[in-house]
Structures are given as C-alpha cells and as structure tokens.
Amino acid sequence: DAKTTQPPSMDCAEGRAANLPCNHSTISGNEYVYWYRQIHSQGPQYIIHGLKNNETNEMASLIITEDRKSSTLILPHATLRDTAVYYCIVTSGANNLFFGTGTRLTVIP
Amino acid sequence: GAVVSQHPSWVICKSGTSVKIECRSLDFQATTMFWYRQFPKQSLMLMATSNEGSKATYEQGVEKDKFLINHASLTLSTLTVTSAHPEDSSFYICSASSPAGGWGETQYFGPGTRLLVL
Chain A
216 DAKTTQPPSM
226 DCAEGRAANL
236 PCNHSTISGN
246 EYVYWYRQIH
256 SQGPQYIIHG
266 LKNNETNEMA
276 SLIITEDRKS
286 STLILPHATL
296 RDTAVYYCIV
306 TSGANNLFFG
316 TGTRLTVIP
Chain B
54 GAVVSQHPSW
64 VICKSGTSVK
74 IECRSLDFQA
84 TTMFWYRQFP
94 KQSLMLMATS
104 NEGSKATYEQ
114 GVEKDKFLIN
124 HASLTLSTLT
134 VTSAHPEDSS
144 FYICSASSPA
154 GGWGETQYFG
164 PGTRLLVL
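Chains as they are written, first to last, in the working numbering: chain A, 216 to 324; chain B, 54 to 171.
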C-alpha cells in the first residue's frame, strides 16, 4: 500500500475550520484514502474515505486532488472534542489498514 | 450504527495468568475482525486478522500460541493472552469490518482494553 506523509502536529482555533493535509504521491489507481482519528485512550474512529471524488459526511469533508497525490481532511467547525490524532491511510481495502504516526490536532479555546 | 464493543475495558492481572478479551459487533455482522496492540506513545500495530469460522492469520512476530484468537460467530471474537507477562501490558483494540454502501469496506473499532500485568 502507498505510504502517506502527514505533519506531526497542528493547532486550530475553536470554531474555525481545521484543514489536515496528507501526501500520498505513490497512490495506485485502485487505492482509497481513509481517514480515522484517535482520541486519547480510545479506539480509532472512522471519519471518511474516498477514491477520487470529493466526499462529505456529517463529520468532515475529504478533498482529493485531481492527480490523487494528496488530500485534505476538513473539519468545518472544530470543537475541543476534535482534539485527537488523525490518521490518513491509503489502501486497496479497509481490511488492510496501516496506522502511521498521524497528525496530532490540538483545538485551542 | 456500526458499533463495536469490548469487554473488559481494563484489566489488571498477575504475571503467569491468562486474560480473555471479548470483542462484539453490536448492530452488524462482521465476517472479519482484527486485533491491534498499542504501546504508550506509539501507533496501532495489527496483531492478527480473523474470519468467522476459520483460523486467525497472525502478523509476523506475533506468537499465535500466546495470543489465542477465536472468532466463533459473526458478532463475537475473543483474544486470550496466555501466561501474561509485564511486557504484554498494552492497549488492545479490536475492530470489525463492515461493507459500506456497496463499495469500499470500513473498519469500525472498539473502545479498547487496557491490560496491566503485574
């Protein structure tokens, strides 16, 4: 599966949009982009996934570039409860998830 | 929907004893379940993958005789840590795979079980 690169940490002001980038320049045509997050001492939580089109659900939006070499997870109005480690995972199927180091997002009051 | 539970949420045991952790998919049938381990300040590491009614597939370096996995039904998988030692102290997390919208499956994770071996 393709490797991903994420910034180790980010801060975001409460109420503002949080934009979390992910680079996956070696992604293959049949690989999806998945996003999970892990709040401290809890199991990971599924957020969203996509193949090539932008996706939106009640939690977030996923913007995938046209060449699919990078993507951005957008939390439209960050709250303190969104403070977590966010993992961008590229995989051919959800039965094969590799969790890297992720981005530690801190939402600041 | 897509809720996965684990029991117990935490356990303390003496060295040499065995500990069983249960993982249940509450509102869907999971043909595949996964067990992960997470040490402090590290990311999740996959231990094994289990399919209902068949033997689990273990990742390299994970002892199958020490970490016994049983996936007897579509909603229940158990992980037994046999003869636990202090180095087995960790956060154990299960997940279950559920098809999503006809394309691309999604793994849903349990809340985790914190094991402390004294």
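Beta carbons are placed, not taken as given, at the ideal position from N, Cα and C, and that holds for glycine.
Own chain, CB closer than 8 Å to residue i, minus 5 neighbours either side, in chain order
| i | result |
| --- | --- |
| B:Val115 | Met100 and Ala101 |
| A:His292 | Gly230, Arg231 and Ala232 |
| B:Gly155 | Residue confidence for B:Gly155 is low, a pLDDT of 43 falling below 50, so the modelled location carries little weight and cannot support an answer. |
| B:His138 | Ser68, Gly69 and Val170 |
| B:Thr84 | Asn104, Glu105, Leu127 and Ser150 |
| B:Leu19 | Only positions 54 to 171 of chain B appear in this structure, which leaves residue 19 of chain B out of reach. |
DSSP state of residue i mapped onto helix, strand, coil
| i | result |
| --- | --- |
| B:Leu169 | strand |
| B:Trp156 | Because B:Trp156 sits at a pLDDT of 43, beneath the cut-off of 50, its placement in the model cannot be relied upon, and the point is left open. |
| A:Arg296 | helix |
| B:Glu75 | strand |
| B:Gln113 | coil |
| A:Asp226 | strand |
| A:Pro236 | strand |
| A:Glu270 | strand |
| B:Ser58 | strand |
Contact set between residue i and chain A, taken where Cβ atoms lie within less than 7 Å
| i | result |
| --- | --- |
| B:Glu158 | Gly308, Ala309 and Asn310 |
| B:Tyr161 | Tyr261 |
| B:Ile146 | Gly258 |
Chain-ordered neighbours of residue i on chain B, where CB pairs are closer than 7 Å
| i | result |
| --- | --- |
| A:Gln257 | Pro164 and Gly165 |
| A:Thr220 | Correct list: empty, because the minimum Cβ distance to chain B is about 14 Å. |
| A:Gly315 | Ser96 |
Contacts around residue i, its chain only, beta-carbon distance under 7 Å, and the 5 residues preceding and following it disregarded
| i | result |
| --- | --- |
| A:Tyr301 | Leu235, Trp250, Arg252, Leu288, Gly317, Thr318 and Leu320 |
| A:Ala228 | Ile323 |
| B:Ile65 | Leu169 and Leu171 |
Proximal residues of chain B, C-beta to C-beta of residue i below 8 Å
| i | result |
| --- | --- |
| A:Thr280 | Within chain B, no residue comes near A:Thr280; the closest Cβ sits about 19 Å away, beyond 8 Å. |
Interface residues of chain A facing residue i [CB-CB closer than 8 Å]
| i | result |
| --- | --- |
| B:Ser150 | Ala309 and Asn310 |
Cβ shell of residue i (< 6 Å), same chain only, five flanking positions each side left out
| i | result |
| --- | --- |
| B:Ser136 | Gly69 |
| B:Ala109 | Ala101, Ser103 and Ile122 |
| A:Ile263 | Trp250, Glu270, Asn272, Ala275 and Leu277 |
| B:Thr77 | According to the sequence as given, residue 77 of chain B is Arg; it is not Thr. These residues qualify, in order along the chain: Ser58, Thr128 and Leu129. |
| A:Pro259 | Tyr251 and Gln253 |
| B:Phe144 | Gln91, Gly165 and Arg167 |
Contact list for residue i against chain C, beta-carbon separation under 8 Å
| i | result |
| --- | --- |
| B:Thr85 | Note that chain C does not occur in the displayed structure, where the protein chains are A and B. |
Counterpart residues of residue i in DSSP-defined beta bridges
| i | result |
| --- | --- |
| B:Tyr131 | Reading off the sequence, residue 131 of chain B comes out as Thr, not Tyr. The partner list for B:Thr131 (beta bridge, DSSP) reads B:Glu75 and B:Asn123. |
| A:Ile278 | A:Thr287 |
| A:Gln379 | Because residue 379 of chain A is not part of the residues shown, which for chain A are 216 to 324, the question remains open. |
| A:Ala309 | None; A:Ala309 has no bridge partner. |
>> Measuring CB atoms only, is the stretch 236-245 of chain A touching the stretch 302-313 of chain A, in the sense that at least three cross pairs come out at less than 8 Å?
In response: yes
>> With three or more beta-carbon pairs closer than 8 Å as the criterion, would you say the stretch 275-285 of chain A touches the stretch 126-134 of chain B?
In response: Pairwise C-beta distances place the stretch 275-285 of chain A out of contact with the stretch 126-134 of chain B, as fewer than three of them are shorter than 8 Å.
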